[in-house]
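One structure is given below, encoded as structure tokens.
Residue numbers (my numbering): 21 to 119.
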């Protein structure tokens, strides 16, 4: 998929979150509609690292989703190709996939 062809955005619903195991990626499935037709996009949730500190001393890192708190039933932005709406990605899911 060429993300440059994806120029339109719509709001979809998170239908599924599936953990692939400890220290593995979590899959997110989002349903969205374009011109009355239902589509689905599925991706691994991208993570960001945040320092865990005691005062100003870093003691470790924690990984959190770049999309913030997501849950089944919540809204998610989807960017899609208007010429082929099945080509899409979850707009706010940008970053590194930890697997």
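We put the CB at the ideal spot given by N, CA and C, even for glycine. Predicted model, so just to flag it, every value in this text is computed and none were measured.
Host beta strand (DSSP E) of residue i (start-end)
| i | result |
| --- | --- |
| residue 32 | 28–39 |
Own chain, CB closer than 6 Å to residue i, minus 5 neighbours either side, in chain order
| i | result |
| --- | --- |
| residue 33 | 51 |
| residue 105 | 54 and 59 |
7 Å Cβ cutoff, residue i in contact with chain D
| i | result |
| --- | --- |
| residue 83 | Among the protein chains of the structure shown there is no chain D, as only one such chain exists. |
Nearest-angstrom Cβ-Cβ length linking residue i and residue j, presumed shorter than 8 Å
| i | j | result |
| --- | --- | --- |
| residue 99 | residue 26 | 5 Å |
| residue 86 | residue 47 | No, residue 86 and residue 47 are not in contact; Cβ-Cβ is about 15 Å, not under 8 Å. |
| residue 49 | residue 36 | 4 Å |
Rounded straight-line distance, which links the Cα of residue j to that of residue i
| i | j | result |
| --- | --- | --- |
| residue 40 | residue 65 | 11 Å |
| residue 21 | residue 107 | 7 Å |
| residue 120 | residue 74 | Coverage of the chain is limited to positions 21 through 119, which leaves residue 120 absent and any answer about it impossible. |
Where residue i falls: helix, strand or coil (DSSP)
| i | result |
| --- | --- |
| residue 25 | helix |
| residue 98 | strand |
| residue 119 | Bear in mind that the predicted position of residue 119 carries a pLDDT of just 45, short of 50, making it unreliable; the figure below should be weighed with that in mind. In this structure, residue 119 counts as coil in the three-state DSSP scheme. |
| residue 91 | coil |
| residue 112 | coil |
Neighbourhood of residue i by C-beta, 7 Å cutoff - its chain only, sequence neighbours within 5 removed
| i | result |
| --- | --- |
| residue 71 | 78 and 81 |
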